[in-house]
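Working notes for the structure below.
2 protein chains.
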Amino acid sequence: MYMNTLLNHKTIRKYSNREVDNDTLNEILTAGTRASNTGNMQLYSIIATRSAEVKAKLAPAHFNQPMITNAPVVLTFCADVNRYNKWCALRNTDPGTDNFESLTTAIVDAVICAQNVCVAAEEKGLGICYLGTTTYNPHQIIEALNLPKGVLPVTTVTLGYPAEDPAMQLRLPLGAVVHSDTYKDYSDADINAYYSEEESDATNKKFVAENQKENLAQVFAEVRYTRAASEAFGKILMDTIRKQGFIK
Amino acid sequence: MYMNTLLNHKTIRKYSNREVDNDTLNEILTAGTRASNTGNMQLYSIIATRSAEVKAKLAPAHFNQPMITNAPVVLTFCADVNRYNKWCALRNTDPGTDNFESLTTAIVDAVICAQNVCVAAEEKGLGICYLGTTTYNPHQIIEALNLPKGVLPVTTVTLGYPAEDPAMQLRLPLGAVVHSDTYKDYSDADINAYYSEEESDATNKKFVAENQKENLAQVFAEVRYTRAASEAFGKILMDTIRKQGFIK
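So the protein lines, in turn, are chains E and X.
The numbering of the first sequence is our numbering, which starts it at 1 and goes up by one.
The numbering of the second sequence is our numbering, which starts it at 1001 and goes up by one.
In structure tokens:
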């Protein structure tokens, strides 16, 4: 049942050779477009890449993570006001979408669509992997996929039949991320309690030891997601947003 | 079955008096947290508001749309680096999240979580409505929900048992939003073809007549989502992002 699909989600990074047929792909993409979106403007596009040549062009933007070239389908979800702008131009009106609010609306809608696609894919027996690298090197993706002005890649999903069955990932306790009525800020004791399960997990302890750090937070902040990298990627992202016409 | 849930989604704006019990709410929120997220950092929070007093404070930020006060539960999904920052501080490391890249990562993760919650809710027989107004007046939501620095509201979902059964909304044909391998830009003929069903829809024609416009695109661009409004909201949003500590 579908509730099991949601509750048992695992990211799949290794795919079998089995192709994803067009009917299946179209059905899961249709599930994406049925999701809620702002004002029914559908300010997003999905680039479904199967070509080995285009995947090879995309790979460096994703730091050559093997999912890009190994997955039968790579889906790049984009905020897209270009189609809407062309419609408005043909209908003699000013779209007024060259601003940060329109971009944010389009980003939210693109991600809502992406997650529906992922749920549909998993229900069909496919495995998915989101690639956060999409917002690290958006300029390279724009070039690889010929994205015009008004289009910004937001997230990428690789798709294929699973060739692995990894363990479920831990999550923070529900109370750590849900607040009742208003936001209750965290005490030191709250933080210690909420992160204790992840910190005492054997796999996480191994990461701490391998990286010669004192604790798991240091692995995140000093190895995986450093200030220097985030600041550099943030600058590229903002420059790309400007270049794509969303900020003057 | 779940595929039907995805393919038959309808936004529900009117809710019955039936309460959403805590077990049901916790199960659908758990489905949200099982979704993919960047590096398992879970850089989001969900504020689940049931209190009439807090809903009354939230309502003006959403232009007093009746769903806020009528729905038994209002879920505000936030990008949240505050919890992670506090963890890093306690573990003697620099989170490095005060930048636009970390914010964008957190926004994507918050929306992925939100859509899983919506799918789970609909499968449980609940109805949902996304409120795009969340990014119009984020400063008011921050005040109503006591959101600290490092937290930005991204989208809002109202939740309750349906007291209406609206018609399915039209969507653009799948070919309008899906591109094979790379982006194929739209010709005028493409645009005319892709928007023809929406433009010839009787309900949409009524909107055009009621608003004394020439066509549907003008209703969108001149009545519903004007340049002036988008630019004003975009400025508020960017100022709020700065104030919450994501841009220097």
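Cβ coordinates follow ideal geometry from the N, Cα and C atoms, glycine included.
Contact of Gly-245(E) with chain X is not assigned, every C-beta pair being separated by 8 Å or more.
CA-to-CA, the gap between Val-208(E) and Tyr-15(E) works out to about 29 Å.
In summary, Arg-83(E) is buried, with 16 or more beta-carbon neighbours lying within 10 Å of its beta-carbon over all protein chains present. Near chain E, meaning a CB-to-CB distance below 8 Å, the residues of the segment 1201-1221 of chain X are Glu-1214, Asn-1215, Leu-1216, Ala-1217, Gln-1218, Phe-1220 and Ala-1221.
Below the 8 Å Cβ cutoff, chain E contributes Phe-100 as neighbours of Met-1238(X), in chain order. Asn-1137(X) has its alpha-carbon roughly 7 Å from the corresponding atom of Phe-1233(X).
Straight-line spacing of the CA atoms in Ile-191(E) and Val-178(E) works out to 14 Å. Close to His-139(E), with beta-carbon spacing below 9 Å, lies no residue of chain X; the smallest spacing is near 14 Å. Interface annotation for the segment 1085-1098 of chain X against chain E: Lys-1086, Trp-1087, Cys-1088, Leu-1090, Arg-1091, Asn-1092, Thr-1093, Asp-1094, Pro-1095, Gly-1096 and Thr-1097, criterion Cβ-Cβ distance under 8 Å. Selection Ile-68(E), Ala-71(E), Pro-66(E) and Ala-221(E) evaluated against Gly-1039(X) yields Ala-221(E) as nearest (Cα-Cα). By the CB criterion at 8 Å, Thr-1104(X) and Leu-237(E) fall inside the cutoff. Cβ contact annotation for Val-151(E) (same chain, cutoff 8 Å, sequence separation greater than five): Ser-45, Cys-78, Ala-79, Asp-80, Val-81, Asn-82, Ile-142 and Gln-244, in chain order. Among the residues facing chain E, Tyr-1130(X) is included, as its CB has a counterpart in that chain under 8 Å away. Uninterrupted beta strand (DSSP E) stretches at least 3 residues long and entirely within the segment 63-133 of chain E occur at 73-80 and 127-131, given in chain order. If you look at Ser-230(E), you'll find it isn't in any beta strand (DSSP E); it sits in the alpha helix (DSSP H) that goes 227-243. Look at Phe-63(E): its C-beta is not under 8 Å from any C-beta on chain X. If the five residues before and after Glu-19(E) are omitted, its C-beta is found closer than 6 Å to the C-beta atoms of Pro-72, all from its own chain and listed in chain order. Its chain contains His-1062 and Thr-1156 as the residues whose beta carbon lies nearer than 6 Å to that of Leu-1131(X), once the 5 sequence neighbours on both sides are disregarded; these appear in chain order. By the 16-neighbour rule on beta-carbons within 10 angstroms, Asp-1109(X) is buried. Of Thr-1203(X), Asn-1004(X) and Leu-1029(X), the smallest CA-CA separation from Arg-171(E) is found for Leu-1029(X).
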